[in-house]
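One structure below.
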Amino acid sequence: MPQATPVMPGAEPFDLPGGPVGVLLCHGFTGTPQGVRAWGEHLAGAGFTVVCPLLPGHGTRWQDANATTEDDWYGALSAALDDLLTRCDAVVVAGLSMGGTLALRLAERRPDDVAGLVLVNPSLLTERRDARLLPLLARVTPVWAAIGGDVKKPGVTELAYPRLPTRAAVALSRLWTAVRADLGAVRAPLLVFRSVTDHVVEPASTRLLLERAGSTDTTEVLLHDSYHVATLDNDAPLVFARSVAWIRDRVLAARGTTA
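All residue numbers for the sequence shown refer to this note's numbering, where the first residue is 384 and numbers rise by one.
Next comes the structure, spelled out in structure tokens:
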């Protein structure tokens, strides 16, 4: 049996013990838990139990991503939710970019298990015209130019693949289609952070989400000093603080408990 590809240093999943309310974090496409680790540590410091899995095909080499599909990514996140529910009374699912897309899929398919959603620049579509060529491109070449590392703050680097795995990108587009079709099934309270300047995900994704989600409690927070990977950028302290306050208000207060 061939040996599994080693995980890149810093890309490891994390599990931070805490109180009865859990937060399931999910990183983005071609990214790793490093992109949300500081967010997770802040949430854990506020008393929440925090888990972030490493999605299949990520954190090793881009070739591995091309051997996975949206079902593999969703399955890993769903399994992590199962585990967290054995330890916590309620779980909020939070994610960055495609992590937000997968969080929405969990809320659509498992509404009774998701107490809230906290999303940072979630992706649901792309307005790039060349995206229509992606299925053809994936047949011609397994890799394309990278999308990771969209950070405004000087000296900060996202741990992500240096190239875009094209077959995995096709799987992401299928995930978008499925999530868009079922947005009306999202009932959980929703907090979404959107970077005003984002070179990866267009504003249309958040606009569509807020228009079609079945949630009756939705909040949008604009980030004016960050690019796509806002959890590593200048607005990260704002994201962290507002996340904690929102979870305490929406989840803890509703249950009469403390973190």
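Note that the Cβ used here is the ideal one computed from N, Cα and C, for glycine as well. What you are looking at is a predicted structure, and each value in this text was computed from that prediction instead of being measured.
The beta carbons of C471 and P403 sit about 6 Å from each other, so the pair counts as a contact at 8 Å.
A straight-line Cα-Cα distance of about 11 Å links R492 and L485.
Excluding sequence positions up to five before and after T432, its CB lies within less than 8 Å of the CB of L399, P400, G401, G402, P403, V404, G405, V406, L467, R470, C471, all in the same chain and listed in chain order. By the Cβ neighbour-count rule, A498 is buried, with 16 or more other Cβ atoms within 10 Å of its own. Judged by DSSP secondary structure, V553 falls within the alpha helix (DSSP H) whose first and last residues are 549 to 564. A473: member of the beta strand (DSSP E) spanning 473 to 479, first to last residue. Along the region 559 to 637, the beta strand (DSSP E) occurs as fully enclosed runs of 3 or more residues at 573 to 578, 601 to 606, listed in sequence order.
Classified as buried, D616 has 16 or more neighbouring CB atoms from the shown chains inside 10 Å of its CB. Apart from sequence neighbours up to five positions away, the residues of its chain that approach D496 with a beta-carbon distance below 8 Å are L464, L468, V474, L489, ordered along the chain. By DSSP's assignment, A528 forms a beta bridge with R546. Within the same chain, Cβ atoms closer than 8 Å to the Cβ of D600 are found at P572, L573, R633, the five residues on either side in sequence being excluded. For S588, the CB contacts under 7 Å within the same chain, skipping 5 residues up- and downstream, are P505, S506, L507, L508 in chain order. When secondary structure is reduced to three states using DSSP, L508 falls in the coil class, being assigned neither helix nor strand. For D398, the enclosing beta strand (DSSP E) begins and ends at 397 to 399.
For A394, the closest of L437, A596, D454 by C-alpha to C-alpha distance is L437.
Sequence-distant Cβ neighbours of R563 in its own chain, meaning closer than 8 Å and more than five residues away, are L507, L508, L591, R595. Going by beta carbons, E453 and L547 fall outside the 8 Å limit.
For V419, the enclosing alpha helix (DSSP H) starts and ends at 417 to 428. Checking the DSSP bridge columns, you'll see V433 partnered with L399, V406. Residue state for G411 is assigned as coil, using DSSP reduced to three classes. By the C-beta density criterion, L605 is exposed, having fewer than 16 other C-beta atoms within 10 angstroms.
Here G418 is near L542, since their CB atoms are less than 8 Å apart. Here V390 has L437, G442, T443 as same chain residues with Cβ atoms under 8 Å from its own Cβ, once five neighbours each way along the sequence are excluded. A distance below 7 Å between beta-carbons, with the five flanking residues on each side excluded, links A568 to the following residues of its chain, in chain order: E491, P494, G597.
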